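*Asks:*
Numbering (UniProt numbering), first residue to last: 1 to 85.
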């Protein structure tokens, strides 16, 4: 039983460390993918490069940088699930 409690504690600590690290990656991504201050447009090619660096998909990178995008996609999916039932 003690081993199981130790394993659960280790798992909880690892999950917490992962959340902290993921937040640091998200903050770095927001800086890396910031829009050009002159044109206001995204810097060309950086989303794909960020996906390569992080190992995440391009959509996840976009959603991390623009949380509103993730919310819109979730709302669309939820709406589609309701109409399919």
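For glycine and all other residues, C-beta sits at the position ideal for the given N, C-alpha and C.
Here the structure is a predicted model, which means the values were calculated and not measured.
1) Quick one, are the C-beta atoms of residue 58 and residue 47 less than 8 angstroms apart?
2) What does a CB cutoff of less than 8 angstroms around residue 23 pick up in its chain, not counting 5 residues either side in sequence?
3) Quick check on residue 29: does DSSP put it in helix, strand or coil?
4) From the DSSP output, in three-state form, read off residue 39 for me.
5) Whole angstroms are fine: how far does the CA of residue 69 sit from the CA of residue 53?
*Replies:* Working from what's here:
1) Within the chain shown, numbered from 1, the residue matching residue 58 stands at position 58. Within the chain shown, numbered from 1, the residue matching residue 47 stands at position 47. Going by C-beta atoms, residue 58 is nearer than 8 angstroms to residue 47.
2) The sequence position of residue 23 within the chain shown is 23, counting from 1. Nothing listed; no residue qualifies.
3) Counting from one through the chain shown, the residue named residue 29 turns up at place 29. In the structure shown, residue 29 sits in a helix (DSSP, three-state: H, G or I).
4) Locating residue 39 in the chain shown gives position 39, counting from the first residue. Coil.
5) In the chain shown, the residue the question calls residue 53 occupies position 53. In the chain shown, the residue the question calls residue 69 occupies position 69. Residue 53 and residue 69: Cα-Cα distance of roughly 21 angstroms.
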